[in-house]
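One structure is given here, and the rest of the page talks about it.
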Amino acid sequence: MTANSDYTQACARCGSLAGPHDIFCGQCGRELAPALQQARGDAFAALTPALVYYFLTLFLLMVYKFTPAFPSGFEGQVVISLIDIVIVIAFALHARQDLAPLFSVSQLRFRLVVLTIAGALAGSLVIAALAKFINISISDDVFYDPYLFQDTQYPMLISILFICVQPAIFEELAFRGFLFGNLQRVTSPLGALYISSFLFGLMHLSYISMIWLVPIGLAFAYLRLRYNTLWYGMIGHFFYNLGITLIEYYQLF
3 MTANSDYTQA
13 CARCGSLAGP
23 HDIFCGQCGR
33 ELAPALQQAR
43 GDAFAALTPA
53 LVYYFLTLFL
63 LMVYKFTPAF
73 PSGFEGQVVI
83 SLIDIVIVIA
93 FALHARQDLA
103 PLFSVSQLRF
113 RLVVLTIAGA
123 LAGSLVIAAL
133 AKFINISISD
143 DVFYDPYLFQ
153 DTQYPMLISI
163 LFICVQPAIF
173 EELAFRGFLF
183 GNLQRVTSPL
193 GALYISSFLF
203 GLMHLSYISM
213 IWLVPIGLAF
223 AYLRLRYNTL
233 WYGMIGHFFY
243 NLGITLIEYY
253 QLF
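Counting from 1 along the sequence shown, just add 2 to a position and that's the residue number in this note's numbering.
In structure tokens form, the structure reads like this:
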């Protein structure tokens, strides 16, 4: 039974009064159906934007990767990236009031920025070495393939824009921004951290890569949760992808 004295419903079995947010009767334990239905409705409403974004984007990336619907090579990467940017911006605008505090720079700490960069670069080296050890391509997903840009006029610059800048901004805005925020409305902060990190790994459509993508997602989600900002995640994401891009581009492993 809630401690709140504003009772708004009565148990159908025993007649005991219950509060507006009670799901079970404190006297007999019977499920209070209206409250439960309201709680479920609130949870579904809170999750709807995240679910729509996630499955829309997942469907789009699956079509891009597994069908010939999109152009191949550089042109296809440009098209899918632009569509992804538009989708993320649309959902971010919908959640702009919740996201605005996450872009404050007033509490950024220089030491933590340096540690984030160092950790991201060190992580890229470790993961590249691990991928080499188990003999898989670390660029086997929808975003991380610098060879798509090798025939352009400025392959390194374009690789950095599409592999480092775009995911660092828009993946963080999506996964540690509004998706994380939606999850927090229906679960604990730790629940939002774990779920968003798993979904982040799954979105890349390279299931062996989830060995490192999920921990990376956990690290960026922790920074978002601990410091209430997206900046550390964006910085770390950029430098991790930059490390991977340089390693792949110059065949350092």
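Glycine included, each C-beta is placed from N, C-alpha and C at the ideal position.
Under 7 Å, do residue i and residue j count as touching if we go by C-beta distance?
i, j, result
"G272", "G203", "As shown, the chain starts at 3 and ends at 255. That puts residue 272 outside it, with no answer to give."
"F151", "S83", "no"
"A170", "H239", "yes"
"L114", "R178", "no"
"Y242", "G125", "yes"
"M212", "E174", "no"
"F222", "A97", "no"
"N230", "A52", "no"
"V81", "F72", "yes"
"S199", "F182", "no"
"A130", "I138", "no"
Applying the criterion that 16 or more other CB atoms from any shown protein chain within 10 Å of the CB defines a buried residue, is residue i buried or exposed?
i, result
"T4", "Low per-residue confidence applies at T4: pLDDT is 42, beneath 50, and the placement is therefore not dependable, though the value from the model is reported in the following sentence. Exposed, since its Cβ has fewer than 16 Cβ neighbours within 10 Å."
"M205", "buried"
"Q168", "buried"
"L201", "buried"
"P148", "buried"
"Y156", "exposed"
"I91", "exposed"
"Y56", "buried"
"L195", "buried"
"D86", "buried"
Looking at the secondary structure, which residues open and close the alpha helix (DSSP H) in which residue i lies?
i, result
"L104", "Premise fails: L104 is in no alpha helix (DSSP H) and is neither H nor E."
"F112", "112-135"
"L150", "Per DSSP, L150 belongs to no alpha helix (DSSP H) and is neither H nor E."
"I249", "233-251"
query: Along the chain, which unbroken stretches of the alpha helix (DSSP H) at least 4 residues long are found entirely within the segment 49-88?
result: none
- prompt: What residue ranges within the segment 156-214 form continuous alpha helix (DSSP H) runs of no fewer than 4 residues, ordered along the chain?
  reply: 157-161, 168-173, 182-186, 191-205
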